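Novice: In the working numbering, the protein residues as written are 3 to 87. Note that beta-carbon positions come from the ideal geometry of N, C-alpha and C, so glycine has one too. Predicted model, so just to flag it, every value in this text is computed and none were measured. Before anything else, here's the structure in question.
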């Protein structure tokens, strides 16, 4: 486990226990990505974005004081594309 993984704790509660309908998730998804990329990540000191579709989350990008470093270009391009919808 690297230093970043030690600093962060992940809520791994199974998706089906969350009571959010698939329809609501799909409806909110692109707007949530837009907010993350353009609004929320710019008003905090640091921001980390992970793809958590596997057992171990994979870092997509990290941002410190407005400087964004992309770690996974494929996933980053995907979230940019999804945010445009």
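On the DSSP letters alone, give me the boundaries of the beta strand (DSSP E) that residue 21 sits inside.
Specialist: Looking at the DSSP string, residue 21 is not in any beta strand (DSSP E), and its letter there is neither H nor E.
Novice: Measuring CB atoms only, is the segment 60-69 touching the segment 43-50, in the sense that at least three cross pairs come out at less than 8 Å?
Specialist: In short, these stretches touch, since the Cβ pair count reaches three.
Novice: Does DSSP put residue 74 in a helix, in a strand, or in coil?
Specialist: Correct three-state label for residue 74: coil.
Novice: Would the segment 53-62 and the segment 23-40 be scored as touching if the rule is three or more Cβ pairs under 8 Å?
Specialist: Output reads no: the segment 23-40 does not touch the segment 53-62.
Novice: Under the three-state reduction of DSSP, which class applies to residue 64: helix, strand or coil?
Specialist: Note: residue 64 maps to strand in three-state DSSP.
Novice: Give me, in chain order, the residues of the same chain whose beta-carbon lies closer than 7 Å to that of residue 63; leave out the 5 immediate sequence neighbours on both sides.
Specialist: Contacts found: 51, 70, 71, 72, 73 and 78.
Novice: If you draw a straight line from the alpha carbon of residue 40 to that of residue 24, how long is it in whole angstroms?
Specialist: Distance between the alpha carbons of residue 40 and residue 24: 24 Å.
Novice: My assumption, with CB atoms under 8 Å, is that residue 42 sits in contact with residue 84. Please give the rounded CB distance.
Specialist: No, residue 42 and residue 84 are not in contact; Cβ-Cβ is about 16 Å, not under 8 Å.
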